[in-house]
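Trainee:
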Ligand code: NAP
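Residue numbers (this note's numbering): 100 to 392.
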């Protein structure tokens, strides 16, 4: 069996087209969704993520308030800016690009963002709401994974999902979303990590394997059952002298071999990646809608 490839860029483009229509509807009511963006320092990767997020906002009609601050910005000034954005009715969502420079206290910064504008879904209030199944801003990457599954007609309800990785931004929230008593949940979930004994024993039983370990070749073909759905969240740089940059991006899954055994699989790049920014746009539009209500 050769797997069908899930085209994350196509799913993301479809969702962005839908969001663009929602934004146009809101504009007819005089509402322009706004995203406040804060980047501290000049890290090239963070700079390009922020630029991509702002470009995506512009494409669907979201206003973005761009704030590129010097690396030496103080905790006090950063917190003051977030508080100003919390009070600004033009801003529906606040994005602080991580990681922050070492002298800044990340937890304190993220806790300052109003839970009503926390479009990354990292604030403990939103995490708590998500866990108890209340309306919350869902974190973008896990929510993007669920949208990819739904829009690829994968049955989550009743499936056994094995997640490799237990981070606060991917593994843990994803597991929580998948066990919710809801049409997009109802899965039986196993979470694996570096202290898991015999990872393959678990992954071989999965209807859906989700890899979020941050290590190439964590999932190989002998570790999945025939016909499984495989979602690769990992993004790893490996050296490649044939590339101008000297590297290429790979996921956590041995894509070439696993695709011969799986029924559906996401590539890297072009799988989960394009969904993450899309879900940030989704949360910003949702926030604007909630405000309008
Ligand atoms: P992280 O904080 O480093 O967490 C990695 C998790 O994987 C940890 O729980 C770790 O276990 C577990 N793990 C690592 N190696 C393992 C192994 N060999 N067997 C079993 N478990 C293993 O990483 P993250 O922030 O969740 O990100 C994971 C990957 O997703 C990274 O490659 C990241 O770049 C990528 N990512 C992509 C997107 C996107 O938009 N596409 C967004 C976010 C993250 P312990 O807890 O025991 O250490």
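Virtual Cβ for every residue (Gly too), placed ideally from N, Cα, C.
What did DSSP end up calling residue 310 once you bin it into helix, strand or coil?
Mentor: Taking the first residue of the chain shown as position 1, residue 310 is located at position 211. Strand, per DSSP.
Trainee: Thinking just about the alpha-carbon of each residue, which of 233, 182, 331, 132 is nearest to the one in residue 369?
Mentor: Residue numbering aside, residue 369 sits at position 270 when the chain shown is read from its first letter. Considering only alpha carbons, the answer is 331.
Trainee: Check whether the Cβ of residue 115 sits closer than 7 angstroms to any heavy atom of ligand 1, and report yes or no.
Mentor: Here residue 115 corresponds to residue number 16 of the chain shown, with the count starting at 1. Every heavy atom of ligand 1 is 7 angstroms or more from the Cβ of residue 115, so no.
Trainee: Hey, is residue 245's beta-carbon within less than 8 angstroms of any beta-carbon in chain C?
Mentor: Protein chains in the displayed structure number just one, and chain C is not present.
Trainee: Let me make sure I understand the geometry here. Which of 321, 297, 241 has the alpha-carbon closest to that of residue 283?
Mentor: Translated into the one-based positions of the chain shown, residue 283 becomes position 184. Nearest C-alpha to residue 283: 241.
Trainee: Our contact map puts residue 130 next to residue 366 with C-beta atoms below 8 angstroms; I'd like the distance itself, whole angstroms only.
Mentor: Within the chain shown, numbered from 1, the residue matching residue 130 stands at position 31. Within the chain shown, numbered from 1, the residue matching residue 366 stands at position 267. That pair is no contact at about 37 angstroms.
Trainee: Would you say the beta carbon of residue 298 comes nearer than 7 angstroms to a heavy atom of ligand 1?
Mentor: Counting from one through the chain shown, the residue named residue 298 turns up at place 199. Answer for residue 298: yes, Cβ within range of ligand 1.
Trainee: State the CB to CB distance for the pair residue 350 and residue 335, rounded to an integer number of angstroms; the pair is presumed to be in contact (CB under 8 angstroms).
Mentor: By 1-based counting over the chain shown, the position of residue 350 is 251. By 1-based counting over the chain shown, the position of residue 335 is 236. About 7 angstroms; that satisfies the 8 angstroms criterion.
Trainee: Buried or exposed: residue 223, going by 16 or more other Cβ atoms within 10 Å of its Cβ?
Mentor: Within the chain shown, numbered from 1, the residue matching residue 223 stands at position 124. With fewer than 16 Cβ atoms within 10 Å of its Cβ, residue 223 is classed as exposed.
Trainee: Looking at C-beta atoms only, is the number of pairs between the region 103-122 and the region 177-184 that lie closer than 8 angstroms three or more?
Mentor: No, they do not touch.
Trainee: Around the Cβ of residue 275, are there at least 16 other Cβ atoms within 10 angstroms (buried) or fewer (exposed)?
Mentor: Taking the chain shown and counting its residues from 1, the one referred to as residue 275 is at position 176. So residue 275 counts as buried.
Trainee: Residue 191 and residue 390 look like a contact to me (Cβ under 8 angstroms); what is the Cβ gap, rounded to whole Å?
Mentor: Residue 191 sits at position 92 when you count from the first residue of the chain shown. Residue 390 sits at position 291 when you count from the first residue of the chain shown. So it is a contact: roughly 6 angstroms between Cβ atoms.
Trainee: Taking a cut-off of 6 angstroms, which residues have a beta-carbon closer than that to any heavy atom of ligand 1, in chain order?
Mentor: Cβ atoms closer than 6 angstroms to ligand 1 belong to 240, 263, 264, 265, 266, 268, 269, 270, 291, 292, 293, 294, 295, 298, 311, 312, 313, 314, 317, 332, 333, 334, 335, 371, 372, 375.
Trainee: Taking the DSSP output, what are the residues bridged to residue 259?
Mentor: On the chain shown, position 160 is the one that residue 259 refers to. Paired residue(s): 287.
Trainee: Suppose the cutoff is 7 angstroms on Cβ atoms and the five residues either side in sequence are ignored; what does the same chain contact list for residue 153 look like?
Mentor: Your numbering for residue 153 matches position 54 in the chain shown. Counting only Cβ-Cβ distances below 7 angstroms, and skipping sequence neighbours, we find 136, 163, 165.
Trainee: Under 6 angstroms Cβ to Cβ from residue 307, same chain only, skipping five residues before and after it: list those, please.
Mentor: Here the question's residue 307 lines up with position 208 in the chain shown. Only 258, 260, 328 meet the Cβ criterion.
Trainee: With DSSP run on the structure shown, which of helix, strand or coil describes residue 220?
Mentor: Residue mapping note: residue 220 aligns to position 121 of the chain shown, counting from 1. Coil, per DSSP.
Trainee: Cα-Cα, which of 371, 303, 348, 387 is closest to residue 360?
Mentor: Residue mapping note: residue 360 aligns to position 261 of the chain shown, counting from 1. It is 303 whose Cα lies nearest to the Cα of residue 360.
Trainee: Grouping DSSP H, G and I as helix and E and B as strand, with all else coil, what is residue 359?
Mentor: Counting from 1 along the chain shown, the entry for residue 359 is found at position 260. Coil.
Trainee: How many angstroms separate the CA atom of residue 273 from the CA atom of residue 342?
Mentor: Within the chain shown, the letter at position 174 stands for residue 273. Within the chain shown, the letter at position 243 stands for residue 342. Roughly 34 angstroms separates the two Cα atoms.
Trainee: Could you compute how far the alpha carbon of residue 382 sits from the alpha carbon of residue 309?
Mentor: In the chain shown, residue 382 corresponds to position 283, counting from 1. In the chain shown, residue 309 corresponds to position 210, counting from 1. Straight-line Cα distance between these residues: approximately 23 angstroms.
Trainee: By the DSSP assignment, the beta strand (DSSP E) with residue 140 in it spans what residues?
Mentor: The residue you call residue 140 lines up with position 41 of the chain shown. Where residue 140 is concerned, there is no enclosing beta strand (DSSP E), given that its DSSP letter is neither H nor E.
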